[in-house]
Each structure stands twice: as structure tokens, then as C-alpha cells.
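Report on one structure; see the data block that follows.
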Amino acid sequence: MNILVFAKRVAATQEEELRIRDEGAAVDLSKVPFKINDWDNYSVEEAVRIVEKTGGTVTAISIGDAESDEVLRRAIAMGARDGFLVSSGEIFHDPGVRSRLIQNFIRKENIPFDVIFTGVQSEDDQFGCVGGILGACLGLPYSSMVIGIDAVEKDHMIIRRELEGGLQERVKIAVPCVLSIQSGINEPRYVSIMGIRKASKVERKVFQAADYAAPASAGIEVVRWTYPEKKGGATMLTGELDTVCGQLLGILKEKGVFQ
Amino acid sequence: MPEQTATRVLTCIQCGKCTGGCPESGKTPFNVRMLMRKTQFKSDIEESLPWYCTSCGACTIRCPRDVKPSEVVIELRAKLVEDGDIPLALQKALENTFVQKNPWGRSRNKRADWLEKLDFEVPHVSGTESKRLLFVCCIQAYDPRCMVIPVNVARLLKAGGMEFGVLGEEEACCGNEIRRIGESGLFEELQEENLGSFTEYGVQEIIALSPHCMNALKKEYGDTGIKVVHYTEVLAKMIAEGSLSFPGSFEKKVIYHDPCFLGKQNGIFDEPRAILKAVPGLELLEFSRSRETSLCCEGGGGRMFFEVESVYQRNAEVRVIDAGKRGAEIIAAACPFCVMTLEDPATEKGLVVKELSEILMEVL
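Protein chains in written order, with my numbering: chain A, 594 to 852; chain B, 2 to 365.
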């Protein structure tokens with residue numbers, strides 16, 4: 594089975610206090626470190642596990658600037674055979690534009706595949722719909738929120754989708770198809786620095802995104818970055834430990850959290 | 002496995018001195034002598050075993066054949082790291098260090114936040130005349146319990162009239178624990194980054210707050226030409242020369258715990274004791290196992306970041322019980338990892354753990 598996996602390099606923002614600059618025109622990421630999008634990490638791991646069992650190849654593809662090569666090296670260190678960088682200095686926020694770019698790239702370069710994995714969403718844009726739009730663009734069946742892959746056959750896969758309320762839905766999906774992989778589907782392996790260094794020796798092909806751009810302009814455009822509206826602050830309890838604990842207990846009882 | 006390590010393992014005579022001094026052998030499935038034997042014969046080693054090692058170094062110090070068992074354990078771990086098959090908590094610590102340059106994954110931009118607690122300015126090391134660097138390192142830059150240590154030591158150095166500077170956000174993890182987890186590639190990256198800063202700013206001397214950092218910077222960064230000391234060495238000298246004294250009084254029975262990376266691995270036993278003896282009113286006690294035979298607290302070698310599988314009595318608890326029997330009211334340590342591991346059982350048993358600088362701040 595040949596699997597294409599999309600891997601995005603994103604800012605590691607969880608611990609950062611992000612600042613908007615230029616009156617809402619941009620977010621200052623100058624001091625923020627970058628990493629592979631979490632969902633894509635799970636996707637690469639899942640693809641590599643399938644190929645380790647059933648044979649075939651994993652090709653990691655990243656759309657982004659030259660720095661995105663680092664997520665390709667990482668994917669190769671995890672077990673991907675190839676790494677393709679669709680290079681662009683431009684940031685494609687619009688998931689429709691991204692999807693059409695991918696569609697054009699795959700078709701123009703005639704890249705063979707059985708399954709395409711995308712992460713459920715990317716940590717930066719969080720549209721959560723590239724997989725779905727790509728499925729539609731390519732005319733392929735699509736399944737979102739994939740939390741398990743139970744069987745991989747030539748013409749179909751049996752997968753599990755994560756639903757609300759602790760339920761999962763088992764789905765038979767025809768191959769070729771597009772799947773959006775949910776985090777938690779596996780435990781991604783550790784990628785050592787030595788492994789990444791070895792992966793650096795594997796040639797990664799670079800393509801120019803401009804060669805695959807869709808003629809239609811973006812339907813979605815970032816107008817301005819803003820902070821969420823500030824709401825009421827937390828209640829601070831002060832005083833001696835016993836008093837504070839008593840107050841806290843009272844509040845919890847009042848709110849019905851503690852009986 | 003590197004040839005040097007393989008050769009060393011083959012000289013092992015299975016005398017068992019390593020196991021005899023190991024803080025884990027006997028009470029856990031970890032048996033360092035057995036690991037050396039299995040390594041000699043290239044036998045399969047159960048994957049959970051290498052992670053019990055606390056990197057205290059007792060085996061390496063006691064080995065009559067210079068096998069360096071603790072280094073062999075690192076090699077065993079390195080193989081697991083290379084295969085990507087390591088405990089999840091350790092994986093997180095390594096990935097965090099790769100991204101944010103500290104195992105806790107806190108923002109690198111907040112690495113110098115502790116400076117806000119000072120009422121005086123500490124310059125960047127490049128702006129100092131002495132080019133003397135206070136190397137803070139991760140746990141003391143981020144952990145709320147340990148952030149007080151750099152604040153205290155900065156105040157003590159200032160009180161003693163010593164000029165120093167910091168790297169602030171440019172400082173990266175020293176890599177001592179990272180190397181011991183077996184991630185030599187990441188250690189090399191951290192080393193390269195820190196050495197780059199040392200060279201760029203012409204650092205002449207480093208005062209390390211943690212014995213773990215001191216060990217890495219002093220012994221594992223190669224021949225840097227930079228003098229590396231632990232802060233207790235600096236303070237002991239200041240006290241001996243009369244530039245630092247303590248007007249207050251600390252009428253408590255204090256027992257001093259030797260951190261492995263300060264004591265048995267780097268021979269710094271007397272300086273922390275000399276400092277405590279200089280505190281008026283303080284009565285210094287000794288553990289039944291102290292100095293070279295001090296019992297490891299189990300905080301080193303990556304053990305700060307994850308729990309091993311088997312359940313057994315923790316050495317920190319053994320230590321606290323011993324301290325209680327000896328009549329101590331306070332356990333003093335000069336290592337943030339020791340403070341963190343000792344504090345839980347001590348609190349349960351009604352004892353107080355203080356980092357050495359915390360005692361000094363009460364009498365300064």
C-alpha cells in the first residue's frame with residue numbers, strides 16, 4: 594500500500610504568550626520554536642506502521658518554506674521512504690487553496706497512491722477540513738476523525754471514527770481514499786537526533802508551489818489578528834489556609850461541584 | 002556500541018562491586034552486574050531494565066577494572082532511543098528539550114523570568130568585566146519550587162561582592178540528563194549551542210547552580226578552557242576569605258545530603274559542609290551513609306521525568322527516615338533534583354527540606 598502523508602511545520606505555541614504585531618497584520622513568531630503538527634505526527638506513525646505490516650511506501654509531503662524540510666527529515670527518520678517539499682514563501686491559510694494545490698500537485702506529478710493521510714487539523718490554522726476538501730477535489734471517499742485502522746485490504750480498509758459520547762463508528766471505506774487521522778490513534782515513536790541526521794542523507798525532492806496553484810483566488814483571507822475579548826477574571830481567595838479552604842469548599846458546594 | 006565501551010565490558014570480571022554499591026540493585030529487577038554479563042555475551046536485555054539506573058555513578062567509581070558500568074547502561078539506553086522505543090514520559094522530555102531546550106517544554110522565552118524576583122539588575126554575561134556566567138539551567142529556571150535557588154544565589158554572590166552575568170533566554174539545557182537518557186545526538190546539539198554562546202561572549206568562568214549542570218559543563222563539554230565550579234565552591238571561598246558572613250542565627254539541627262553529581266562524582270564534599278558550619282547556631286549532622294557512600298535520592302539519569310515500573314521503597318524515604326533517627330529537623334541539599342525527590346517523604350514525616358541557599362538567605 595502506498596500512502597501519501599501530509600506533514601506541516603507549525604509554531605509550538607502552547608507555552609508562548611503570543612503577541613500580535615503591526616496593528617493586527619501578523620503574529621510575532623520570531624522567538625517561537627517550530628515543530629511538526631501534532632496530528633501529522635500521528636499520521637506519519639500510522640502510515641509507517643501500516644507499511645511495516647503490509648509493505649508499500651510512505652511518502653511525506655510538506656507545503657511550506659524551506660524550513661519545512663525539517664518535518665520531512667523527521668518523517669523519513671520515522672520510516673517514510675520519500676520526502677517532497679512543495680515550496681512556497683506564501684502562507685496558504687485558505688484550506689480550499691491548500692487542497693486544490695495538493696490536488697494539482699498530485700495529478701501533475703502523477704504521484705501514485707492508495708491512501709492519503711492528513712491530520713484532522715493543523716495546530717496553527719485549525720480549519721480541520723483540508724482532508725475533506727481534498728477528498729472532494731480528487732473525487733475520492735473520505736473519512737474524518739480516524740482513531741483506528743483495523744484492516745487494510747487491496748480494495749478497502751476497515752477504520753474506526755471517533756464520535757462524541759465515547760462512541761466509535763466502524764466504517765468500511767473503499768481504496769483509494771483520503772483519511773483525516775485523529776491524535777491518539779497510536780503512540781508515535783521517538784525520533785532520535787541521530788535518526789534525523791541519517792535521514793538528512795536521503796534526498797528530498799523540492800517542487801515549486803507556484804507550478805500547481807489553482808487559478809481561482811482564495812475564498813478566505815485573514816483580515817486581522819485579534820485577541821479574544823477579555824471576560825471577568827478569576828476569583829482570588831486570600832487569607833489563612835484554613836479560611837481559604839473553607840471558602841473554596843463553600844464555593845464548590847454552591848456551584849454543585851461538591852456535595 | 003562504540004568499540005571503547007565494548008572493550009571495557011569485556012574486561013568485566015563479574016566481581017559484583019557495581020551491584021554492591023548500586024542504589025537500585027537488590028530492591029528492583031535492576032542488576033548492573035548481570036547487565037554487564039549480558040552485554041558481554043550480547044544476550045537480550047529486557048527493555049525496562051536500563052531505565053532503573055539513576056546514573057549516580059557508584060558502580061563506575063567502585064569498578065576495579067574501569068568497566069564504567071554506568072556508561073554501558075547509557076549505551077544500552079542509546080540503542081532503545083535509536084529504535085524510538087522508550088518510555089513515553091522520557092520521550093516527552095526529549096522532544097521538549099529539542100523544541101524548547103528544556104525537558105519540561107516550557108517556553109524558552111520565559112527562561113529568565115526568575116530575574117524579575119530580584120531587586121537589582123543582573124547583566125548579560127557579555128556586559129560583565131569578569132565574563133563570569135551564572136548557569137541557571139532548566140529546573141531552576143522553570144520549576145516554581147526551585148526558582149528560588151537562582152534568586153538566592155544571585156543575592157549571595159552580590160552580597161559577597163562578586164560580579165557575574167547570565168545568558169538569559171540564550172541559555173540551553175546543559176544536556177547532562179539528556180546524555181544519560183541515551184540521546185547523544187541531542188546532547189551534542191545542546192553542547193554546540195551553549196559552547197557557541199560561551200565563545201561568542203568570551204565566557205571565562207561558569208558558576209553552575211545544579212551539580213548535574215556542573216558535571217556536564219566541566220567533564221563532558223570537552224576542553225573548553227573555561228573554569229567550571231559549583232556555587233557552593235564559590236560561597237565557601239567567600240566565607241573563608243571573609244567577604245561573605247552571616248549575621249543571623251539558625252538554631253536548627255541540619256543534616257546534609259550529598260548529591261551524587263556533586264559528591265561522589267566530583268569530589269565536592271567539604272565546601273557545602275563548610276558553608277553550613279559557618280551559619281551561626283546551626284548544628285550540622287551526618288547521615289549514616291554520607292560523603293562517598295551517600296545514598297542516591299534517585300532523581301538523576303532521567304529518573305526525574307518518569308516512574309519506573311516496579312513499586313518499592315524509595316531511597317528518598319530511606320534517607321528521610323535516617324535523618325529523623327539522627328535527630329535532624331532539616332535536610333539540606335545542594336541539588337535541585339535532590340530537593341524535589343526528598344521533599345515529599347520528608348513532608349509526610351514532618352521534616353523540612355531546604356536547598357542550601359534557602360538556609361543562607363535566612364541568616365544573610
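Quick reminder that beta carbons are idealized off the backbone N, C-alpha and C, glycines included.
* Between the Cα of G724 of chain A and the Cα atoms of A:I742, A:E702, A:G832 and A:F710, which residue gives the shortest distance? -> When C-alpha distances from G724 of chain A are compared across A:I742, A:E702, A:G832 and A:F710, the shortest belongs to A:F710.
* To do: Return the bridge partner residues of I654 of chain A from the DSSP annotation.
  => Answer is A:F599 and A:F677.
* Spatial neighbours of I240 of chain B within its chain, please: CB distance less than 8 Å, with the 5 preceding and 5 following residues excluded, ordered by chain position. => Contacts found: S246, A275, I276 and A279.
* Asked: With 7 Å set as the bound, which would you pick, yes or no: does the beta-carbon of K624 of chain A sit closer than that to a beta-carbon of chain B?
  -> Judged by the 7 Å Cβ criterion, K624 of chain A is in contact with chain B.
* To do: Kindly list the residues whose CB is nearer than 7 Å to the CB of V745 of chain A, restricted to its own chain and excluding five residues on each side of it in sequence; keep chain order.
  => Close CB contacts of V745 of chain A within its chain, under the 7 Å cut and outside five residues either way in sequence, are with M594, I643 and T647 (chain order).
* To do: Throw me the rounded Cβ distance for the E639 of chain A and I742 of chain A pair, which I believe falls under 8 Å.
  => Contact flag correct, Cβ pair sits at about 7 Å.
* **DSSP-derived helix/strand/coil call for T348 of chain B** => In the three-state reduction of the DSSP assignment, T348 of chain B falls in the helix class, which pools H, G and I.
* **Neighbour list for N110 of chain B in chain A, Cβ cutoff strictly below 7 Å** => Neighbours of N110 of chain B on chain A, chain order: E609 and K624.
* Examine chain A for any beta-carbon lying closer than 7 Å to the beta-carbon of L187 of chain B, and answer yes or no. => Yes, L187 of chain B lies at the interface with chain A (some Cβ there is under 7 Å from its Cβ).
* To do: Using a Cβ-Cβ cut-off of 7 Å, state whether S785 of chain A counts as contacting chain B.
  => Closer than 7 Å: yes.
* Alpha carbon of E833 of chain A to alpha carbon of T348 of chain B, nearest angstrom -> Approximately 20 Å between the Cα atoms of the pair.
* Asked: Looking at the structure shown, is L760 of chain A part of a helix, part of a strand, or coil, going by DSSP?
  -> Three-state DSSP puts L760 of chain A in coil, outside helix and strand.
* Asked: From this set, B:T129, B:Q141, B:R320 and B:I150, which residue's C-alpha is nearest P104 of chain B's C-alpha?
  -> From the listed residues B:T129, B:Q141, B:R320 and B:I150, the smallest Cα separation to P104 of chain B is found for B:Q141.
* Asked: Under 7 Å between C-beta atoms, does I87 of chain B make it to chain A?
  -> Under the Cβ distance rule, I87 of chain B counts among the residues neighbouring chain A, one pair being separated by less than 7 Å.
* To do: Could you tell me whether the Cβ atoms of K355 of chain B and A333 of chain B are closer together than 7 Å?
  => Yes, Cβ-Cβ distance for K355 of chain B and A333 of chain B is below 7 Å.
* Taking Cβ positions, are P70 of chain B and C139 of chain B nearer each other than 7 Å? -> Against a cut-off of 7 Å, the Cβ pair of C139 of chain B and P70 of chain B comes out as no contact.
* **Chain-ordered neighbours of K823 of chain A on chain B, where CB pairs are closer than 7 Å** => Contacts between K823 of chain A and chain B, judged by CB atoms closer than 7 Å, are missing: the closest CB pair is about 22 Å apart.
* Checking contacts by CB at 7 Å: is E252 of chain B closer than that to chain A? -> So no, E252 of chain B is outside the interface.
* For G128 of chain B, collect the residues of the same chain with a Cβ closer than 7 Å to its Cβ; drop the 5 residues on either side in sequence, then sort them by chain order. => Cβ within range, chain order: G166.
* Asked: Quick one: what does DSSP say Q840 of chain A is sitting in, helix, strand or coil?
  -> Three-state result, Q840 of chain A: helix.
* Asked: For the alpha helix (DSSP H) that R180 of chain B lies in, which residues bound it at each end?
  -> First-last of the alpha helix (DSSP H) with R180 of chain B: N177 to I182.
* **Closest by C-alpha distance to G264 of chain B, when choosing among B:C298, B:P281, B:S244 and B:E242** => The closest CA to that of G264 of chain B, considering only B:C298, B:P281, B:S244 and B:E242, is found on B:C298.
* To do: Put R612 of chain A into one of helix, strand or coil per three-state DSSP.
  => R612 of chain A sits in a strand when the DSSP states are folded into three classes.
* Who are the near neighbours of S49 of chain B in its chain, counting only those whose CB is closer than 8 Å to its CB and skipping five residues on each side? -> Here the set comprises P30, V309 and E310.
* To do: Give the straight-line distance between the Cα atoms of N195 of chain B and I182 of chain B, rounded to the nearest whole angstrom.
  => Answer to the nearest angstrom: the Cα atoms are 19 Å apart.
* Taking only beta-carbon positions, decide if A807 of chain A is within less than 7 Å of chain B. => Cβ-Cβ to chain B under 7 Å: no for A807 of chain A.
* **Test: K765 of chain A CB closer than 7 Å to a CB of chain B** => With its beta carbon at least 7 Å from every one in chain B, K765 of chain A lies outside the interface.
* Between the C-alpha atoms of P281 of chain B and E76 of chain B, what's the straight-line distance to the nearest angstrom? -> Going from the Cα of P281 of chain B to the Cα of E76 of chain B covers about 47 Å.
* **Every unbroken alpha helix (DSSP H) within the segment 98-162 of chain B, with a cutoff of 4 residues, ordered by chain** => If we require 4 residues or more, the alpha helix (DSSP H) runs fully inside the segment 98-162 of chain B come out as 139-143 and 149-160.
* Is the CB of E83 of chain B under 7 Å away from at least one CB in chain D? -> In the structure shown, chain D does not exist; the protein chains are A and B.
* Length of the line joining the Cα atoms of M2 of chain B and S44 of chain B -> Note on M2 of chain B: pLDDT 46, under 50, position unreliable in the model; no value is reported.
* Extent of the continuous alpha helix (DSSP H) to which Y232 of chain B belongs -> Membership of Y232 of chain B in the alpha helix (DSSP H) is indicated by the continuous run Y232 to E242.
* Locate the alpha helix (DSSP H) running through C722 of chain A, then write down its first and last residues. => Taken as a continuous stretch (DSSP letters only), C722 of chain A belongs to no alpha helix (DSSP H), as it is neither H nor E.
* Under the three-state reduction of DSSP, which class applies to R290 of chain B: helix, strand or coil? -> If DSSP states are grouped into helix, strand and coil, R290 of chain B belongs with coil.
* Express the C-alpha separation of E252 of chain B and R782 of chain A in angstroms, rounding to a whole number. => Cα to Cα, the separation comes out at about 53 Å.
* Limits of the unbroken alpha helix (DSSP H) element including Q41 of chain B -> From DSSP, the alpha helix (DSSP H) with Q41 of chain B extends over V33 to Q41.
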